[in-house]
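Here is the structure we will look at, set down as structure tokens.
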Amino acid sequence: DAGVIQSPRHEVTEMGQEVTLRCKPISGHDYLFWYRQTMMRGLELLIYFNNNVPIDDSGMPEDRFSAKMPNASFSTLKIQPSEPRDSAVYFCASSLEGAVETQYFGPGTRLLVL
Amino acid sequence: AQSVAQPEDQVNVAEGNPLTVKCTYSVSGNPYLFWYVQYPNRGLQFLLKYITGDNLVKGSYGFEAEFNKSQTSFHLKKPSALVSDSALYFCAVRDMAAAGNKLTFGGGTRVLVKP
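Sequences listed follow chains A and B, in order.
So in my numbering, spot 32 of the first sequence is number 32, and the numbers just go up one at a time.
So in my numbering, spot 109 of the second sequence is number 1109, and the numbers just go up one at a time.
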């Protein structure tokens, strides 16, 4: 298995632009998680899905952030409009159904908003 | 609510010496506990987890962790550290009593193993 796939790996954009991050979970996994990692705040859970349905989006910072999962093999995290404080590494992770299942992380997207 | 504390931002150890990375947790019910490692410019990689049973859990790359319920701790250990173990280590917890499948991560501990 190729593992969790994220694209792009790096993104540089200007403030005010729309940014779309993409994730392909491991085939057969029922859960998908979006995290953000910064030096100041560490690793934060933004949102997670179960069977393509958002379960908990309490970590989404504000309305500029949105996430979708149109099918079991694809999810997007969108920031519109982007701001410099959104600069971070964004990780996607997936896991099987079950409370004790391990989450498998993608390589991350490093976002820089100028 | 569930939370995790990693009291040390950085741990320095000489190669060949034992390595310990500390983690304490807080949950309402019983915990599921995890350790992950992150190498530079990479995503987190799973090391080991405690679900139930034996308090000593063995994982990847020679790491192990000991669950201590009375001290609410889950410290990560390796008997003999390698330079290649230098990385960022995260402890995570999930409350068995909580709905959903959400992990809470600690702030991470940077390990530096010197030759």
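In this text, a Cβ means the ideal position worked out from N, Cα and C, and glycines have one as well.
Just so it is clear, the structure is predicted and the values come from calculations on it, not from any experiment.
Asked: In chain A, which residues lie less than 8 Å from B:TYR1046 when you measure between Cβ atoms?; Found: Residue identity check: residue 1046 of chain B is Phe in the sequence provided, not Tyr. Within 8 Å Cβ-Cβ: THR102, GLN103 and TYR104.
Asked: What are the residues of the segment 1019 to 1031 of chain B that lie near chain D, defined by any Cβ-Cβ distance shorter than 9 Å?; Found: Protein chains in the displayed structure are A and B, and chain D is not among them.
Asked: How close, in whole Å, do the beta carbons of B:ALA1097 and B:SER1028 come, if the pair is a contact with beta carbons under 8 Å?; Found: 5 Å
Asked: Taking the C-alpha atoms as reference points, what is the distance between A:PRO21 and A:VAL12?; Found: Strictly speaking, residue 21 of chain A in this sequence is Leu, with Pro absent from that position. The alpha-carbon atoms of A:LEU21 and A:VAL12 are separated by roughly 12 Å.
Asked: So B:GLY1053 contacts chain A; which residues on that side make the cut at Cβ distance below 7 Å?; Found: Chain A residues near B:GLY1053: none, gap ~12 Å exceeds 7 Å.
Asked: Where does A:ASP63 land, buried or exposed, given buried means 16+ other C-beta within 10 angstroms?; Found: exposed
Asked: At which residues does the beta strand (DSSP E) containing B:CYS1091 begin and terminate?; Found: 1087 to 1095
Asked: Suppose the cutoff is 8 Å on Cβ atoms and the five residues either side in sequence are ignored; what does the same chain contact list for A:SER96 look like?; Found: In the sequence as displayed, the identity of residue 96 of chain A is Leu instead of Ser. These residues qualify, in order along the chain: GLY28, HIS29, ASP30 and TYR31.
Asked: Could you name the residues that DSSP lists as bridge partners for A:ARG36?; Found: A:GLU44 and A:TYR90
Asked: Hey, is the segment 1047 to 1066 of chain B in contact with the segment 46 to 62 of chain A, meaning 3+ C-beta pairs nearer than 8 Å?; Found: no
Asked: Using 8 Å as the limit for Cβ to Cβ distance, is B:LEU1103 near chain A?; Found: yes
Asked: Taking the straight line between their C-alpha atoms, what separation do you get for B:VAL1093 and A:PRO54?; Found: 21 Å
Asked: Any beta carbon of chain A sitting closer than 8 Å to that of B:ARG1110?; Found: no
Asked: Our contact map puts B:PHE1090 next to B:LEU1044 with C-beta atoms below 8 Å; I'd like the distance itself, whole angstroms only.; Found: 6 Å
Asked: Consult DSSP for B:TYR1061 and reduce its assignment to one of helix, strand or coil.; Found: helix
Asked: Label A:TYR90 either buried or exposed according to how many other C-beta atoms from any shown protein chain fall within 10 Å of its C-beta, with 16 as the threshold for buried.; Found: buried
Asked: Can you tell me the Cα-Cα spacing of B:THR1104 and A:GLN103, whole angstroms?; Found: 12 Å
Asked: Quickly, what does DSSP pair B:LEU1047 with across the bridge? List them, please.; Found: Answer is none; B:LEU1047 lacks a bridge partner.
Asked: Against B:PHE1067, what residues of chain A qualify as contacts under a CB-to-CB distance less than 9 Å, listed in chain order?; Found: Near B:PHE1067 there are no residues of chain A at all, since even the closest Cβ is about 14 Å away, more than 9 Å.
Asked: Say whether chain A places a C-beta atom closer than 8 Å to the C-beta of B:PHE1090.; Found: yes
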